[in-house]
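S.K.: Pasting a structure here, questions to come.
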Amino acid sequence: MTTTAKDAPVQLTSKSGASYRSGVEPSLSIQKAGFAVDVNWPPSEEWVNLPQDVANATHITRYKLVENPLPPPDSGAIYFQWTRFFTNTAHYDFFFEDKTHDEYENDRYINRDHYTDYNSADPTIIRVRGV
Numbered sequence: 001m002t003t004t005a006k007d008a009p010v011q012l013t014s015k016s017g018a019s020y021r022s023g024v025e026p027s028l029s030i031q032k033a034g035f036a037v038d039v040n041w042p043p044s045e046e047w048v049n050l051p052q053d054v055a056n057a058t059h060i061t062r063y064k065l066v067e068n069p070l071p072p073p074d075s076g077a078i079y080f081q082w083t084r085f086f087t088n089t090a091h092y093d094f095f096f097e098d099k100t101h102d103e104y105e106n107d108r109y110i111n112r113d114h115y116t117d118y119n120s121a122d123p124t125i126i127r128v129r130g131v
């Protein structure tokens, strides 16, 4: 079994200044195969339920990709043009590639609805990877 950088022990310091280490119990590490699947997920205001073969391959059952309204000019809010929501069925570190070939990571440990806010000139998701 290999230990990924994210699973490697981390040296930390307690509130009182004592050193300690935190990590993942090797016997509890998740054994799973990575994947890379070409998809075509254009913007959609409504949830899109994925075909069973795509859901099985990506461990994602549905998505929606919505364009966000501009905030008021004086709000000082950080603005992201797009929000991609998805529902996963297994823990993976997901990578979503859009048509500009930019990639957005979303590492999920809980199976439920998640989202990623991002900016893109062409937000359609064309590839999903999981590691």
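The UniProt record's numbering numbers the first residue of the sequence shown as 1 and each following residue consecutively. C-beta atoms are modelled at their ideal positions from N, C-alpha and C, and glycine is treated no differently.
What are the residues that DSSP puts in a beta bridge with G130?
M.R.: DSSP lists F35 and F94 as partners of G130.
S.K.: When the Cα of G130 is compared with those of G17, A18, R21 and A36, which residue comes out closest?
M.R.: Looking at the Cα atoms, A36 is the closest of the given residues.
S.K.: Alpha carbon to alpha carbon, how far is E97 from D38? Give it in angstroms, no decimals.
M.R.: Rounded to whole angstroms, D38 to E97 spans 9 angstroms at the Cα level.
S.K.: Between which residues of its own chain and F95 is the CB-CB distance below 6 angstroms, once the five residues before and five after are set aside?
M.R.: The residues are E103, E105 and R129.
S.K.: With DSSP run on the structure shown, which of helix, strand or coil describes V48?
M.R.: V48 falls in the strand class under three-state DSSP.
S.K.: Please classify F86 as buried or exposed, where buried requires at least 16 other C-beta atoms within 10 Å of its C-beta.
M.R.: F86 should be labelled buried.
S.K.: Determine the direct distance from the alpha carbon of P51 to that of T13, and round the result to whole angstroms.
M.R.: Approximately 47 angstroms between the Cα atoms of the pair.
S.K.: Using beta-carbon positions only, say whether E67 and P42 come within less than 8 angstroms of one another.
M.R.: Going by C-beta atoms, E67 is not nearer than 8 angstroms to P42.
S.K.: In the DSSP assignment, find the unbroken beta strand (DSSP E) run with H59 in it and report its ends.
M.R.: It is not in any beta strand (DSSP E) - H59 carries neither H nor E in the DSSP assignment.
S.K.: Using C-beta distances below 7 angstroms, list every residue in its chain close to F80, excluding the 5 sequence neighbours before and after it, in chain order.
M.R.: So the qualifying residues of the chain are N68, D117, Y118 and N119.
S.K.: Roughly how many angstroms lie between the CA atoms of E46 and I125, to the nearest whole one?
M.R.: Each residue's alpha carbon lies about 16 angstroms from the other.
S.K.: Measuring only the C-alpha atoms, how far is S75 from D113?
M.R.: So the alpha carbons of these two residues sit roughly 28 angstroms apart.
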